[in-house]
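Structure first, commentary second.
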Amino acid sequence: MALNGALVPALVLLLAFGSSGAKVEEENPEFWRSRAQRTLQSALDRKLNTNVAKNILFFLGDGMGITTITAARILKGQLENKTGEETVMTMDTFPNVGLAKTYSVDFQIADSAATATAYLCGVKTNLNTIGVSAAARNGVCKTQKGNEVTSILKWAKDAGKSVGIVTTTRVQHATPATSYAHSASRKWYSDADMPAAAKRDGCTDISSQLLKNTDVDVIIGGGRKYMTPWGVKDPEYPKDYASRGKRRDGRNLIDEWQSLKTGKVAHYVWNRTDFNAVDPETTDYLMALFEPGDLRFEAERDPNMDPSIAETTEKAIRILQKNPKGFFLLVEGGRIDQAHHAGRASMALHETVAFDHAIAKGLELTAEHDTLTVVMADHSHPVTFNGYPFRGQSILGKSPLWATDVLPYTTLMYGNGPGHKITNGTRPDIRNVNTQAKDYVQLAAVPTKSATHSGEDVAVLARGPMAHLFQGVNEQSYVAHAMAHAACVGADVRHCRGLAEDPAVQSTVAVGGGAAAVGGGALAVLLGALLALEAPV
26 MALNGALVPA LVLLLAFGSS GAKVEEENPE FWRSRAQRTL QSALDRKLNT
76 NVAKNILFFL GDGMGITTIT AARILKGQLE NKTGEETVMT MDTFPNVGLA
126 KTYSVDFQIA DSAATATAYL CGVKTNLNTI GVSAAARNGV CKTQKGNEVT
176 SILKWAKDAG KSVGIVTTTR VQHATPATSY AHSASRKWYS DADMPAAAKR
226 DGCTDISSQL LKNTDVDVII GGGRKYMTPW GVKDPEYPKD YASRGKRRDG
276 RNLIDEWQSL KTGKVAHYVW NRTDFNAVDP ETTDYLMALF EPGDLRFEAE
326 RDPNMDPSIA ETTEKAIRIL QKNPKGFFLL VEGGRIDQAH HAGRASMALH
376 ETVAFDHAIA KGLELTAEHD TLTVVMADHS HPVTFNGYPF RGQSILGKSP
426 LWATDVLPYT TLMYGNGPGH KITNGTRPDI RNVNTQAKDY VQLAAVPTKS
476 ATHSGEDVAV LARGPMAHLF QGVNEQSYVA HAMAHAACVG ADVRHCRGLA
526 EDPAVQSTVA VGGGAAAVGG GALAVLLGAL LALEAPV
C-alpha cells in the first residue's frame, strides 16, 4: 500500500468505524452483477446510426476536464439529496466516448483560442489566436492575412442551415468568436483593444466581424460594452463606468445589426422580460446580450433579469429548428473555466451542473435519429480529487484523513492558483472554515494569480448520426471533420453521396427510419467512407 506509514492505522480505523454512505443493496453481489448485465445488454443491442445529421448540437464545456465532470456528477446527486457518486449526468448517457489531445502547435498546454480553432475549424494553431492557422503569430496582424481558416458554423451556413451561438461568457470570447472571426489576438474584442499597428495593417476587431463575416441567426451571451461607442451608458448599470461602451470608432454595432436585418423579424434584447417575449415561431434573428461582459455565475444569477443556460439553449433551438435544412448550434458553458481560474471549485461545479441541464434540454427538443449531439471540453484545469472521503461525503468538503502537518485538507484542490496560502511554512487551519461556500477558494500548491490550464486529454461524448466516429484517442482538430462528415457540410460530402446511391438507405430515409432499419448496403457505404477518411484531403 503506497500510503504514508503513519496514516495507515488512521485509515484502518476510519474504514472500520466510519459511517458508510453505501446502500444496503450494494452489499449484495447480485446488485452489481445485474446492473452490469443490463449495461452489457444495452451495449449489445446498440445499432449504428448511419443517417445524415440534419442538425448538430455542439456543447462545449470550457475547462470541463474529466475531474470536473466527475466532481460535478457527485455534486448534482448531492443537490438531489443523494450520495452523489452513483448519479448519472445527462452527458453520461451518451453511448460513444473518445479522448482528444489538446496541445497547440506552439505550446504543450493550450488556451481556449487555440483549442477552439482546432475543434471548430479542424486545424491546430498557436496560443491566443482564433480562426487562423499556425502560420499566424500571436498579436501580429500582418501574419493573419492569408492564413484564415473557416469554422464548421460557416460550413453549415453555406450548406443552407441556420446557425447560432449560446454562451455564458461574452459573445466575443475565444470559443464563440472562433466560430465566426479570424484574429491574430483573441483579446481584440473591440477596436479599443487593438494596437495602432494592427488597425493600420487592416485587421478588424472581433465584435465587428460578428456582423460582417457570417450571417449568424442566433447570438446569445454577454458583451454589450464591446458593441457600443465609448462612454455610452449601459442600460442595466448606467452608473457603472466599467460597463459603458468601449468602442473608439463611434460605431454602435447593435444598431447596425438591427439595420442589417431590415425586412426580417429580428430582435435585440438585454433582459429576461424582453427575452421571454421573443416568439421563436415568428423570429428570424435574435441577438441577446445580457451583460456588459461575461454573464454572472449560475450561483449568482438574478433569475428575474437573466435566463439560465438551459433556457437560452431552448430559445435558440426553437428558433433554429424551423429551417427544414437543419441547424448548427454551439452552446458553451464558458464560466466553468473562469471559476477554475479563480480557484473556486464550488462555482465551477455548479456551472457544470447547469451546463448538464442545458444538454438535457437540447436532447428533449431534438431527435436522436437526425441530430448529432457532441459534448466535450476544450482543455482541463489543475484541479485534483484526492484524499479518502467517505461515500456520500460532500464533494466540497474535507478529507477525514488529515495530512502529516496534522491539519485537514479539502477533497478538491489545485496544483496552482490564488489559493496558495502558506504562512511561516504552515498551511491555514480550515477545521472551522465552511469549504462548501460558493466563494471559498481551494488551497493550491503553487502561487499564481490565476490557476492555469492543464494539458491532459479531454473527453468527447457523442450520440446521434455517425456518433460512432467519436471514439479512440484523436487530435482535437479531428472533431470538426467528424461532425462535418456526419452532416455533409464543408468539403467532405461523401456520406451524403453514398447514402443517396444506396436504395436501402433511400427507403429508410423516406419513412424516417432509425439506424436499426438501415440495410447492409448502407453499412458497406459507411465502411467505404471510413476507409476513405484515411486518404489525404
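My numbering applies: residue 26 is where the sequence shown begins, and numbers increase by one.
Each residue gets a CB set at the ideal place from its N, CA and C atoms; glycine is no exception.
These numbers come from a predicted model, not from an experiment.
Quick one: what's got a C-beta closer than 7 Å to residue 368's C-beta in the same chain, skipping five residues either side?
Indexing the sequence shown from 1 puts residue 368 at position 343. Result list for residue 368: 439, 442, 443, 444, 466, 467, 469 and 476, in chain order.
Give the straight-line distance between the Cα atoms of residue 328 and residue 338, rounded to the nearest whole angstrom.
Stepping through the sequence shown from its first residue, residue 328 is reached at position 303. Stepping through the sequence shown from its first residue, residue 338 is reached at position 313. Each residue's alpha carbon lies about 15 Å from the other.
Using the beta-carbon count (16 or more within 10 Å), is residue 57 buried or exposed?
Within the sequence shown, numbered from 1, the residue matching residue 57 stands at position 32. By the neighbour-count rule (16 or more Cβ atoms within 10 Å), residue 57 is not buried but exposed.
Taking three-plus beta-carbon pairs below 8 Å as touching, is the segment 424-439 in contact with the segment 509-523?
No, the segment 424-439 does not touch the segment 509-523.
How many Å lie between residue 79 and residue 430 at the Cα?
Indexing the sequence shown from 1 puts residue 79 at position 54. Indexing the sequence shown from 1 puts residue 430 at position 405. One C-alpha to the other measures close to 58 Å.
Given that a residue counts as buried once 16 or more other Cβ atoms are within 10 Å of its Cβ, and exposed if not, what is residue 316?
Here residue 316 corresponds to residue number 291 of the sequence shown, with the count starting at 1. So residue 316 ends up on the buried side.
Whole beta strand (DSSP E) runs in the segment 40-128 with 3 or more residues, listed along the chain?
Runs found: 80-86 and 121-126.
Answer yes or no: do residue 394 and residue 480 have a C-beta to C-beta separation smaller than 9 Å?
Here residue 394 is taken as the residue at index 369 of the sequence shown, counted from 1. Here residue 480 is taken as the residue at index 455 of the sequence shown, counted from 1. Result no, Cβ atoms of residue 394 and residue 480 do not sit closer than 9 Å.
Taking residue 301 as part of the alpha helix (DSSP H), name the residues at either end of that continuous run.
Counting from 1 along the sequence shown, the entry for residue 301 is found at position 276. Run containing residue 301: 297-302, per the alpha helix (DSSP H) assignment.
Just checking my contact of residue 501 with residue 199 at CB under 8 Å: how many whole Å lie between their CB atoms?
In the sequence shown, residue 501 corresponds to position 476, counting from 1. In the sequence shown, residue 199 corresponds to position 174, counting from 1. Wrong, their Cβ atoms sit about 14 Å apart, outside the cutoff.
If the criterion is Cβ atoms closer than 9 Å, does the pair residue 247 and residue 314 meet it?
If you number the sequence shown from 1, residue 247 lands on position 222. If you number the sequence shown from 1, residue 314 lands on position 289. Their beta carbons are under 9 Å apart, which means residue 247 touches residue 314 by this criterion.
So what does DSSP say about residue 540, is it helix, strand or coil?
Locating residue 540 in the sequence shown gives position 515, where the first residue counts as 1. Note that residue 540 scores 35 on pLDDT, short of 50, meaning its location in the model is unreliable; the coordinates nonetheless yield the value given after this. The answer is helix: DSSP assigns residue 540 an H, G or I state.
Quick check: the Cα distance between residue 194 and residue 76, rounded to an integer number of angstroms?
Within the sequence shown, residue 194 is the residue found at index 169, counting from 1. Within the sequence shown, residue 76 is the residue found at index 51, counting from 1. Approximately 33 Å between the Cα atoms of the pair.
Buried or exposed: which applies to residue 102, given that a residue is buried once 16 or more other Cβ atoms fall within 10 Å of its Cβ?
Residue numbering aside, residue 102 sits at position 77 when the sequence shown is read from its first letter. Looking at its Cβ environment, which holds 16 or more other Cβ atoms inside 10 Å, residue 102 is buried.
For residue 209 and residue 234, what's the separation of their Cα atoms in angstroms?
The count along the sequence shown starts at 1 and reaches residue 209 at position 184. The count along the sequence shown starts at 1 and reaches residue 234 at position 209. Using only the alpha carbons, I get a separation of about 13 Å.
Within its chain, find whatever has a CB closer than 7 Å to the CB of residue 253; leave out the 5 residues flanking it on each side and keep chain order.
In the sequence shown, residue 253 corresponds to position 228, counting from 1. If we look at residue 253 and ignore the five residues flanking it on each side, its Cβ neighbours are 270, 272, 277 and 279.
May I have the straight-line CA-CA distance separating residue 260 from residue 331, to the nearest angstrom?
Position 235 of the sequence shown, counted from the start, is the residue given in the question as residue 260. Position 306 of the sequence shown, counted from the start, is the residue given in the question as residue 331. Going by the C-alpha atoms only, they are around 14 Å apart.
Would you list the residues sitting across from residue 484 in a DSSP beta bridge?
By one-based count along the sequence shown, residue 484 stands at place 459. Per DSSP, 124.
What does residue 401 pair with, by DSSP beta-bridge criteria?
Counting from one through the sequence shown, the residue named residue 401 turns up at place 376. Paired residues: 85 and 485.
In whole angstroms, give me the CA-to-CA distance for residue 302 and residue 165.
Looking up residue 302 in the sequence shown gives position 277. Looking up residue 165 in the sequence shown gives position 140. Roughly 44 Å between the two C-alpha positions.
Starting from residue 465, follow its DSSP beta bridges and name the residues at the other end.
As a position in the sequence shown, residue 465 is number 440, starting the count at 1. For residue 465, which the question treats as bridged, DSSP gives no partner whatsoever.
Which runs of the alpha helix (DSSP H) at least 4 residues long sit entirely within the segment 164-197? Give them in chain order.
The segment 164-197 contains these whole alpha helix (DSSP H) runs: 177-183.
Comparing C-alpha positions only, which one of 347, 360 and 348 sits nearest to residue 326?
For the purposes of this step, residue 326 is taken as the residue at position 301 of the sequence shown. Considering only alpha carbons, the answer is 360.
Who are the Cβ neighbours of residue 215 in its own chain at under 7 Å, not counting the five residues just before and after it?
Here residue 215 refers to the residue found at position 190 of the sequence shown. Excluding positions up to five away in sequence, the list reads 230, 232, 251, 271 and 272.
If you draw a straight line from the alpha carbon of residue 419 to that of residue 118, how long is it in whole angstroms?
Counting from 1 along the sequence shown, the entry for residue 419 is found at position 394. Counting from 1 along the sequence shown, the entry for residue 118 is found at position 93. Near 24 Å, if we compare the C-alpha coordinates of residue 118 and residue 419.
If we ignore side chains and look at the alpha-carbon of each, how far apart do residue 157 and residue 399 end up?
Locating residue 157 in the sequence shown gives position 132, where the first residue counts as 1. Locating residue 399 in the sequence shown gives position 374, where the first residue counts as 1. Cα to Cα, residue 157 sits roughly 23 Å from residue 399.
Name, in chain order, the residues that DSSP records as bridge partners for residue 352.
For the purposes of this step, residue 352 is identified with residue 327 of the sequence shown, where counting begins at 1. Residue 352 pairs with 187.
Within 10 angstroms of its Cβ, does residue 449 collect 16 or more other Cβ (buried), or is it exposed?
The count along the sequence shown starts at 1 and reaches residue 449 at position 424. Exposed.
Within its chain, find whatever has a CB closer than 6 Å to the CB of residue 202; leave out the 5 residues flanking it on each side and keep chain order.
Position 177 of the sequence shown, counted from the first residue, corresponds to residue 202. Closer than 6 Å at Cβ, skipping near neighbours: 155 and 231.
Do you know offhand how far residue 516's Cα is from residue 148's?
Counting from 1 along the sequence shown, the entry for residue 516 is found at position 491. Counting from 1 along the sequence shown, the entry for residue 148 is found at position 123. When rounded, the distance between both Cα atoms is 14 Å.
Mark residue 266 as exposed unless 16 or more other C-beta atoms lie within 10 angstroms of its C-beta, in which case mark it buried.
Locating residue 266 in the sequence shown gives position 241, counting from the first residue. Exposed is the call here.
In whole angstroms, what separates the C-alpha of residue 128 from that of residue 387?
Translated into positions along the sequence shown, residue 128 becomes position 103. Translated into positions along the sequence shown, residue 387 becomes position 362. Answer to the nearest angstrom: the Cα atoms are 29 Å apart.
Since I believe residue 461 is in contact with residue 421 (beta carbons under 8 Å), could you give me their beta-carbon distance rounded to a whole number of angstroms?
In the sequence shown, counting from the first residue as 1, residue 421 sits at position 396. In the sequence shown, counting from the first residue as 1, residue 461 sits at position 436. Yes, they are in contact, since the Cβ atoms of residue 421 and residue 461 sit about 4 Å apart, within 8 Å.
Can you tell me which of 64, 513, 150 and 474 puts its alpha carbon nearest to the alpha carbon of residue 350?
Taking the first residue of the sequence shown as 1, we reach residue 350 at position 325. When only C-alpha atoms are compared, the closest one is 513.
For residue 511 versus residue 491, is the C-beta distance shorter than 9 Å?
Within the sequence shown, residue 511 is the residue found at index 486, counting from 1. Within the sequence shown, residue 491 is the residue found at index 466, counting from 1. Cβ distance < 9 Å, so residue 511 and residue 491 count as in contact.
Which residue marks the beginning of the beta strand (DSSP E) containing residue 498, and which one marks its end?
Counting from one through the sequence shown, the residue named residue 498 turns up at place 473. Element bounds for residue 498: 497-500.
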